[in-house]
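Heads up, the thing below is written out as structure tokens.
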Amino acid sequence: MAIFIDPVAVEPRNGYRIWVRYEDGVEGELDLSHLAGEGVFKAWDDRAFFEGVHINEEGGCVSWGCPPGSDMELDVAPDTGYARLLGITRERISAMSDEDEFFAAVEQAQRARKLAVNA
Numbered sequence: 008m009a010i011f012i013d014p015v016a017v018e019p020r021n022g023y024r025i026w027v028r029y030e031d032g033v034e035g036e037l038d039l040s041h042l043a044g045e046g047v048f049k050a051w052d053d054r055a056f057f058e059g060v061h062i063n064e065e066g067g068c069v070s071w072g073c074p075p076g077s078d079m080e081l082d083v084a085p086d087t088g089y090a091r092l093l094g095i096t097r098e099r100i101s102a103m104s105d106e107d108e109f110f111a112a113v114e115q116a117q118r119a120r121k122l123a124v125n126a
């Protein structure tokens, strides 16, 4: 079962970090430095381009617009960013065998967060 929690606010931060808030109140900083300088993310070398981060309302994702020479927006999958803010590491996400395992981990982290908030 897919979990669709959309980002509702985003701001650039120092380095290759962004602050994101999702519609259910989960928020925090994401370090995207592992993507910087690789493939299409080379566009972030232009600081003004990186600081142009915004929410793509059509796709419900964090986006930077079209990098030079491309007609497709550069974006980060909202589910992965959300999972990382819930404490699921990039390494754990990479090791997951399929989408079902990913969404089960997100649901478990959501339940743990709700219990902590209500405690």
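Per this note's numbering, the sequence shown starts with residue 8, numbered consecutively.
Beta carbons are placed, not taken as given, at the ideal position from N, Cα and C, and that holds for glycine.
Residue i - DSSP class collapsed to helix/strand/coil
i, result
"residue 70", "strand"
"residue 8", "Unreliable placement is indicated for residue 8, whose pLDDT of 44 sits below 50; the coordinate value is still reported in the next sentence. Here residue 8 sits in coil by DSSP."
Classification of residue i by the beta-carbon crowding that lies within 10 angstroms, buried from 16 upward
i, result
"residue 50", "buried"
"residue 104", "exposed"
"residue 88", "buried"
Cα-Cα separation between residue i and residue j, rounded to whole angstroms
i, j, result
"residue 121", "residue 16", "21 angstroms"
"residue 118", "residue 76", "43 angstroms"
"residue 116", "residue 95", "8 angstroms"
"residue 24", "residue 39", "6 angstroms"
"residue 110", "residue 90", "9 angstroms"
"residue 86", "residue 14", "9 angstroms"
"residue 12", "residue 29", "7 angstroms"
"residue 82", "residue 66", "9 angstroms"
"residue 113", "residue 102", "14 angstroms"
"residue 108", "residue 37", "22 angstroms"
"residue 98", "residue 22", "21 angstroms"
"residue 59", "residue 41", "19 angstroms"
"residue 44", "residue 57", "12 angstroms"
"residue 72", "residue 125", "39 angstroms"
"residue 62", "residue 52", "20 angstroms"
"residue 8", "residue 106", "At residue 8, the pLDDT of 44 sits below 50, so the modelled position is not reliable and the matter cannot be decided from this model."
"residue 54", "residue 84", "21 angstroms"
"residue 80", "residue 123", "37 angstroms"
"residue 100", "residue 70", "21 angstroms"
For residue j and residue i, believed in contact at Cβ under 8 angstroms, the rounded distance
i, j, result
"residue 35", "residue 92", "5 angstroms"
"residue 19", "residue 47", "At roughly 17 angstroms, the Cβ-Cβ gap does not stay under 8 angstroms, so residue 19 and residue 47 are not in contact."
Inside the stretch 25 to 83 only - beta strand (DSSP E) runs reaching at least 3 residues: 34 to 38, 61 to 63, 68 to 70
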